[in-house]
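Enquirer: In our numbering, the protein residues as written are 1 to 232. Beta carbons: idealized from backbone N, C-alpha and C, even for Gly. Can you keep this structure in mind? I'll have questions shortly.
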Ligand code: ADP
Ligand code: ADP
C-alpha cells in the first residue's frame, strides 16, 4: 500500500516561494489503478517526481509497503527507485538502441548479466506484443509501439509501482486504447499498483478504479469515478 501523509513541497524561485504541494494526504491500495487529474500548475509533475524519488519533499512522508521513502539512505534510495517504474508522454527511449537494448537497459544499470537481462527483456517484449520488433530502432516504430516499449522497460526490475505521466497524451485514440488495455492486463497479471497522471478524462473513465482531482497542490476531490464525475 502507498500512504502519503501531509506531503508538502515548496520551491524557492526567483519570483518568491512557490507552494507546489500543500499538505497532501493519499492512500492507494495494492493493485489499484489510481488516476490523478488537475489543471496545469496544480502540482502533478511535482508529486510524481517525489513519488519517483527524484525530488525530496519539504515535509511529510511517502510510505510504500511499510518503508518511508523520505527516510532512506542514498544507498537504499537507489534500490527503492528500481522498484518504481515510470512511463512518459514522449516515451524517452534511447534512439541508438534497439527495442531489446532499451528494455534491457534498466537491468544493465542494475548490474544484471547480459544473458539474464536479454532473457528477461525478451519476455517483457513478448508481454507487450512486440516480439516481431525486437531488433527495430525506436524511429522505426509507431507512437503506440514506442509506448509499449516504454512499458516493457518500466517493468524490467519487477516494480511494485508504475507511474504514468501523460503516457497516452501523444497517441491517437486507437493506440491510446491499446496502451490502456495493456496497462489493465499488466495490473491484473502482475498485481502492480499504477498511479497515472493525465489531463484526459477518457483515460480516467476507461481504466481508473479511483481518481483524485489536484488543484493548487491539494486534493480537492477523491473517490470512485462514478461518484465524482456523474452528473447529479
Ligand atoms: P503540473 O504538473 O500540475 O502542471 P507542476 O508540478 O509542474 O504542476 O507545478 C506546480 C507549481 O510548482 C507551479 O506553480 C510550477 O510553476 C511550480 N514549479 C514546478 N517545478 C518547479 C521548480 N523546479 N522550481 C520552481 N517552481 C516550480
Ligand atoms: P510538465 O508540467 O509538462 O511536466 P513543466 O513545464 O511544469 O512541465 O516543467 C518542466 C520542468 O521545468 C520541470 O523539471 C520543472 O521542475 C521545471 N519548472 C516548472 N515550473 C518552474 C518554475 N516556475 N521555475 C523553475 N522551474 C520550473
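Taking the alpha-carbon positions, what's the residue 79 to residue 158 distance?
Expert: 12 Å
Enquirer: Within a Cβ cutoff of 7 Å, which residues of the same chain sit near residue 5, ignoring the five residues on either side of it in sequence?
Expert: Correct list, in chain order: 25, 60, 61.
Enquirer: Is the segment 81–89 in contact with the segment 163–172, if contact means three or more CB pairs nearer than 8 Å?
Expert: yes
Enquirer: Do you know whose CA, among 218, 48, 50, 33, lies nearest residue 194's CA?
Expert: Of the candidates 218, 48, 50, 33, the one whose C-alpha sits nearest the C-alpha of residue 194 is 33.
Enquirer: At the level of alpha carbons, what is the spacing between residue 18 and residue 173?
Expert: If I take the Cα positions, the gap works out to 36 Å.
Enquirer: Kindly indicate which three-state DSSP category residue 86 falls into: helix, strand or coil?
Expert: Here residue 86 carries a strand assignment [DSSP, helix/strand/coil].
Enquirer: I need the straight-line Cα distance from residue 123 to residue 8, nearest angstrom please.
Expert: 39 Å
Enquirer: Would you mind sorting residue 29 into buried or exposed? The rule is 16 or more other CB atoms within 10 Å of its CB.
Expert: exposed
Enquirer: Name the residue from 51, 113, 103, 27 whose alpha carbon lies nearest to the alpha carbon of residue 145.
Expert: 103
Enquirer: DSSP state of residue 108, grouped into three classes?
Expert: It is helical.
Enquirer: Can you list, in chain order, the residues of its chain whose CB lies under 7 Å from that of residue 96, leaving out five sequence neighbours each side?
Expert: none
Enquirer: Run the Cβ filter for me: residues under 6 Å from any heavy atom of ligand 1, listed in the order they occur in the chain.
Expert: Counting only beta-carbon distances shorter than 6 Å to the non-hydrogen atoms of ligand 1, the qualifying residues in chain order are 11, 13, 18, 20, 38, 40, 41, 42, 43, 44, 45, 46.
Enquirer: What are the start and end residues of the alpha helix (DSSP H) that includes residue 187?
Expert: 173–190
Enquirer: Within the chosen definition, does the segment 110–120 reach the segment 183–192 through at least 3 CB pairs nearer than 8 Å?
Expert: no
Enquirer: I need the DSSP call for residue 97, collapsed to helix, strand or coil.
Expert: coil
Enquirer: So does the segment 36–45 actually touch the segment 196–214, counting three or more Cβ pairs closer than 8 Å?
Expert: Enough Cβ pairs lie closer than 8 Å, so yes.
Enquirer: How would you label residue 50, buried or exposed, when you count the other beta carbons within 10 angstroms and need 16 or more for buried?
Expert: Counting of Cβ neighbours within 10 angstroms places residue 50 among the buried residues, the total reaching 16 or more.
Enquirer: Mind listing, in chain order, the continuous beta strand (DSSP E) runs of no fewer than 3 residues lying wholly within the segment 129–165?
Expert: 161–165
Enquirer: Does residue 50 come out as helix, strand or coil in the three-state DSSP assignment?
Expert: Taken through DSSP and simplified to helix, strand or coil, residue 50 comes out as helix.
Enquirer: Figure out for me which residue from 217, 156, 221 has the closest Cα to the Cα of residue 20.
Expert: Checking every option, the nearest Cα to that of residue 20 belongs to 217.
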